[in-house]
Amino acid sequence: MSMVKNYFTILIVLTVSSFQSLNATCGSCAGDKKSVKSAFIEEVPANGKIKGKTLASCGMCNFDTDDKSCGLTVKIGRQTYNVENVNIDDHIDSHAKDGFCNVVRVVDIKGKIKNNKLYADKFSVK
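For what it's worth, my numbering labels the leading residue of the sequence shown as 418, then goes sequentially.
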């Protein structure tokens, strides 16, 4: 009788373990990848040149900077940078319902970070 119990125990263990291997994946599918590349710029390279999408808004109103007045600021990763050559009101009134003081917007930028400021060659609101 104990021989039959051992046989059934082994049979159950082998059956369960064989079903586990059916759930294994090859790892080359897009859904299987652990690291996902962000659509946004996440860090500033050593040369300071940046190009891509990031978030922009009023630094004082939405990014909690220590600025004393409203000003255009971009957020790259966890760091914020004031935009030097683009005025906060150039694209839309900053205090309008959809202005930079009221919303955080996705922007496409190209430029250079120097002395913790962005000097933009291109700045377009998405």
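For glycine and all other residues, C-beta sits at the position ideal for the given N, C-alpha and C.
- Closest option to Ile526, judged by alpha-carbon separation, among Phe425, Lys492, Cys478, Val430: Lys492.
- When rounded, the separation of the alpha-carbon atoms in Val542 and Thr497 is 17 Å.
- Within the DSSP secondary-structure output, Asn499 pairs in a beta bridge with Thr490, Lys534.
- Contact check between the segment 504-520 and the segment 528-538: fewer than three CB pairs, one atom from each, fall below 8 Å, which does not count as touching.
- Exposure of Gly465 is indicated by the presence of fewer than 16 other C-beta atoms within 10 angstroms of its C-beta.
- Just so you know, the alpha carbons of Ile429 and Val421 end up roughly 12 Å apart.
- DSSP, reduced to helix, strand and coil, places Thr432 within a helical segment of the structure shown.
- Looking at the DSSP output, Cys475 sits in a beta bridge with Leu489.
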